[in-house]
Amino acid sequence: MTCIGIGSNLGDREGHCREAIARMEQADCRILKVSTFFETNPWGLSDQPLFLNGALTMATSMPPAALFSLLKAIEKAMGRQETVRWGPRVIDLDILLYDDLILHSALLTIPHPCLHERRFALQPLAEIAPDARHPVFDKTVRELLEGVQ
Numbered sequence: 007m008t009c010i011g012i013g014s015n016l017g018d019r020e021g022h023c024r025e026a027i028a029r030m031e032q033a034d035c036r037i038l039k040v041s042t043f044f045e046t047n048p049w050g051l052s053d054q055p056l057f058l059n060g061a062l063t064m065a066t067s068m069p070p071a072a073l074f075s076l077l078k079a080i081e082k083a084m085g086r087q088e089t090v091r092w093g094p095r096v097i098d099l100d101i102l103l104y105d106d107l108i109l110h111s112a113l114l115t116i117p118h119p120c121l122h123e124r125r126f127a128l129q130p131l132a133e134i135a136p137d138a139r140h141p142v143f144d145k146t147v148r149e150l151l152e153g154v155q
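Residues in the sequence shown are numbered from 7 upward in steps of one, following the working numbering.
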């Protein structure tokens, strides 16, 4: 099972998140569950609109690098601009977990390297996959969420 984090803080935030999900479904991603969307404070750069964050689980035959490329292509097609780190964005799509894979490459780190620190990612993920296990920390998503401030 692959877990994806979804977020937006510009325009029709929920509409953008749902459009991104629809685009994933059109590209060899079978969506299993989608969380509730939660309004959250921005991370890193606080002077920007509130985010709407959610998560989904999916089944896909795509290898991690291909999935990463797909997510980046969806972001670009939806108008995301890479201007300021942690800045406002139409859509943000992150691979949080990919089965029990641990991967460190120049392109990609799985599990997401900050997942265990981010309530805005863990809270929606805990709603749909509370027992998914973080392969680095050997803790469930529920356990990680309990440990986040």
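C-beta atoms are modelled at their ideal positions from N, C-alpha and C, and glycine is treated no differently.
Buried or exposed (CB count within 10 angstroms, at least 16 for buried), residue i
i	result
H110	exposed
I10	buried
F43	buried
Same chain only: Cβ atoms within 6 Å of residue i, ignoring 5 sequence neighbours per side
i	result
P141	D106 and I108
L76	A33
M7	T63
Whole-Å CB distance - residue i paired with residue j, under 8 Å assumed
i	j	result
L62	I12	7 Å
A135	V147	6 Å
Sheet register partners of residue i (DSSP bridge)
i	result
E31	E31 pairs with nothing; no bridge assigned.
R139	T146
H110	T115
P9	In the sequence as displayed, the identity of residue 9 is Cys instead of Pro. BP columns for C9 point to T63 and L103.
F44	N59
D98	G13
K39	T63
Residues near residue i in its chain [Cβ-Cβ closer than 8 Å; skip 5 each side]
i	result
D137	T146, V147 and R148
Residues of its chain near residue i, where Cβ-Cβ distance is below 7 Å and the 5 sequence neighbours each way are ignored
i	result
Q129	F44 and L151
H122	H140, F143 and L150
Exercise for review: Would you be able to state if there are at least three C-beta pairs under 8 Å between the segment 12-26 and the segment 51-71?
Suggested key: yes
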